[in-house]
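Quick mapping for you: the protein sequence lines, in order, are chains S and B. For the first sequence, my numbering gives the first residue as 1, with consecutive numbering after it. For the second sequence, my numbering gives the first residue as 1001, with consecutive numbering after it. The beta carbon of each residue, even a glycine, is placed where N, CA and C say it ideally should be. Note that the coordinates shown come from a computational prediction; the quantities given were computed from them, not determined experimentally. Working notes for the structure below.
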Amino acid sequence: MQHLDGNVLAGPLAGLFAFDVTTASARCAGCGELAMLAQAMVYADAMGYVARCASCDAVLATVVVESERTWISLQGLSALEVPVLREDEAPARTL
Amino acid sequence: MSRRPASWHAATVIAVAPETPTARRITLDVPTWPGNDAGSHLDVRLTAPDGYQAQRSYSVASAGEGTTVVLGVDEVPDGEVSPFLVEDLAVGDRIEVHGPLGAFFVWTPPAPGSTPAPVQLIAGGSGVVPLVAMLSAHRAAGDATEFRLLYSVRAPADVFFRAELDASTGVEYVFTREAPGGWATPPGRVTRETLRTLTVPPEREPRIYVCGPTPFVEAVANWLVELGHPTANIRTERFGGS
Chain S
1 MQHLDGNVLA GPLAGLFAFD VTTASARCAG CGELAMLAQA MVYADAMGYV ARCASCDAVL
61 ATVVVESERT WISLQGLSAL EVPVLREDEA PARTL
Chain B
1001 MSRRPASWHA ATVIAVAPET PTARRITLDV PTWPGNDAGS HLDVRLTAPD GYQAQRSYSV
1061 ASAGEGTTVV LGVDEVPDGE VSPFLVEDLA VGDRIEVHGP LGAFFVWTPP APGSTPAPVQ
1121 LIAGGSGVVP LVAMLSAHRA AGDATEFRLL YSVRAPADVF FRAELDASTG VEYVFTREAP
1181 GGWATPPGRV TRETLRTLTV PPEREPRIYV CGPTPFVEAV ANWLVELGHP TANIRTERFG
1241 GS
């Protein structure tokens, strides 16, 4: 199966976090690599999404979207680093 | 917290037009759209009469304020959603869209007074769509940042948003299957050498955005790193078929 990347998770996760979590830095519990979730390899099918570490291929997170609920596992993430934003501040959105 | 929170919107198709032999430009009126940054995407949800739903992500070719949203959709043979969007969707139809989405693969004008690094855009096929939004936003902002686009495309007829690209400077084409008459380079894929000669060199520390099919993006991103660009300066967005 052709993988995509973590950008595709912005929609499925939009309602679950107070910010766009694809720009959070995620630490792989397997190899310790720190990368934005947008840079993870994501395998998408009718069941949902599996995000894997771009460095070591370990599963970082699993998201299953159903009509009545969203199920999310963060089994392979040991930490998420999230920039603190003030209310009057636009999020860091560019390089 | 986001300046433009994502939510579901009812969209009405106000125009459709062929973009290439396999792709279509779709213009939507989305009265509740909060505007979008250049490069962001949306999810389209289609619901069949029996309740079956299918959802796919598409980059937005337009940017900024306003409630008109432009998509450029390439038909994927055997796809589930794109053949409907390219062949069957008609003016007046209503679809559901979720957005704007994605704060990673976006460009926003630099703060006044700053001296931003050059921006190098690299597109494979319909991956040019979010990059067209960036070029348009850059032009609309009157921004002085140096912008360049390297666009890998099968043939001249397959170029998306040609008028918009013709209005921009710094656009380089790589034709992979068929080049225009008199083109200096025979058709062929982008290589590391192409990147070395036709993109902003690492010494100038460009910010780089790469969008295209997964194999294209991964080959280009690896070559960019080999050429000396730090991974932190490279942003990528992959798409697959369906």
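- Neighbours of T1145(B) in chain S, taken as residues at a C-beta separation under 9 Å, are lacking, since the least C-beta distance is about 11 Å.
- V1081(B) and T1115(B) have their C-alpha atoms roughly 43 Å apart.
- Within its own chain, the residues whose Cβ lies closer than 6 Å to the Cβ of L1085(B), once the five positions on either side in sequence are excluded, are V1073, listed in chain order.
- In the DSSP annotation of this structure, S1136(B) is not part of any beta strand (DSSP E); the continuous alpha helix (DSSP H) holding it starts and ends at 1128-1140.
- In this structure, A1038(B) and S1126(B) do not form a Cβ contact; the two beta carbons are roughly 16 Å apart against a cut-off of 8 Å.
- Taking 8 Å as the cut-off, the Cβ atoms of R27(S) and L34(S) count as close.
- Of the residues assessed, C31(S) falls on the exposed side of the cut-off, its CB having fewer than 16 other CB atoms within 10 angstroms.
- The Cβ of D57(S) sits no closer than 8 Å to any Cβ of chain B.
- Between the stretch 1096-1111 of chain B and the stretch 1130-1148 of chain B there are three or more inter-stretch CB-CB distances shorter than 8 Å, so the stretches are counted as touching.
- The way I'd put it, the stretch 60-74 of chain S does touch the stretch 37-52 of chain S; three or more beta-carbon pairs between them come closer than 8 Å.
- Taken through DSSP and simplified to helix, strand or coil, A1163(B) comes out as helix.
- For L13(S), there is no enclosing beta strand (DSSP E), since its DSSP letter is neither H nor E.
- For D1043(B), at least one C-beta of chain S is nearer than 8 Å to its own C-beta.
- When DSSP states are grouped into helix, strand and coil, P1083(B) belongs to the helix group.
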